[in-house]
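S.K.: Pasting a structure here, questions to come.
In the UniProt record's numbering, the protein residues as written are 1 to 203.
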């Protein structure tokens, strides 16, 4: 397997790219709206059970522009690294992965969340994205711990996290309001000392 290549935009230090020969993760841009709109709209029934309730203006261009601005602000302040996942050769949008709630000081940790377009699910794309992102979190951001929470019924996400080396730590009651209801979650974590290459199996 070819070694992953990490490229950071030296001419634009306020941005970031993480890539290998097949995938590209980068910050969202205004120009991504059409692809984002088409993928999210087509995947709505697939995504809604696992996400916070979609607002009435969720899919509008103005809401997307506001999201991009917030993403840039969060990245610039060191609070989060919100990323879109693309096929590298044609920049087709596949989904998204956010490194969020970054804490420094004594904690040195973050939370990750992700979503995948329905027609690309189960093909190993998010597993590949994690394999690119985990070294970035531990080596470039120099964090110690990654946390991820998922609804117990989300077996696909549980399998993904376990395959990436995350360990289940506990059960969080009514942890997040998902699709209009407070839902219990399982907490998973990965420590910098735990990170090892994962098996290449599609999820």
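Think of the CB as a built atom: it goes at the ideal place given N, C-alpha and C, for glycine as much as any other residue.
The structure displayed is predicted, hence computed values, not measured ones.
1) Among residues of its own chain, excluding the 5 on either side of residue 7, which ones have a beta-carbon nearer than 7 Å to its beta-carbon?
2) Taking residue 50 as the reference, which of 144, 150, 122, 120 has the closest Cα?
3) DSSP beta-bridge partners for residue 181?
4) Do you know offhand how far residue 130's Cα is from residue 57's?
5) With a cut-off of 8 Å on the beta carbons, I'd call residue 85 and residue 36 a contact; round off their distance for me.
6) Give a yes or no on whether the C-beta atoms belonging to residue 167 and residue 190 are separated by under 9 Å.
7) So, using beta-carbon positions, are residue 179 and residue 41 closer together than 9 Å?
8) Compute the Euclidean distance between the alpha carbons of residue 24 and residue 95, then round it to the nearest angstrom.
9) Using the Cα positions of residue 61 and residue 38, report the straight-line distance between them to the nearest angstrom.
M.R.: If we stick to the structure as given:
1) By one-based count along the chain shown, residue 7 stands at place 7. Low confidence applies to residue 7: its pLDDT is 40, below 50, so where it sits in the model is not reliable, and the reading given next is rough at best. 17, 19.
2) Locating residue 50 in the chain shown gives position 50, where the first residue counts as 1. The shortest C-alpha separation from residue 50 is found at 150.
3) Looking up residue 181 in the chain shown gives position 181. 178.
4) Here residue 130 corresponds to residue number 130 of the chain shown, with the count starting at 1. Here residue 57 corresponds to residue number 57 of the chain shown, with the count starting at 1. Those two C-alpha atoms are separated by around 30 Å.
5) The residue you call residue 85 lines up with position 85 of the chain shown. The residue you call residue 36 lines up with position 36 of the chain shown. 12 Å between Cβ atoms; not a contact.
6) Sequence index remark: in the chain shown, residue 167 carries index 167 (1-based). Sequence index remark: in the chain shown, residue 190 carries index 190 (1-based). Cβ distance < 9 Å, so residue 167 and residue 190 count as in contact.
7) Locating residue 179 in the chain shown gives position 179, where the first residue counts as 1. Locating residue 41 in the chain shown gives position 41, where the first residue counts as 1. The answer is no: Cβ separation not under 9 Å.
8) Indexing the chain shown from 1 puts residue 24 at position 24. Indexing the chain shown from 1 puts residue 95 at position 95. Cα to Cα, the separation comes out at about 11 Å.
9) In the chain shown, the residue the question calls residue 61 occupies position 61. In the chain shown, the residue the question calls residue 38 occupies position 38. Their backbone Cα atoms lie some 12 Å apart in a straight line.
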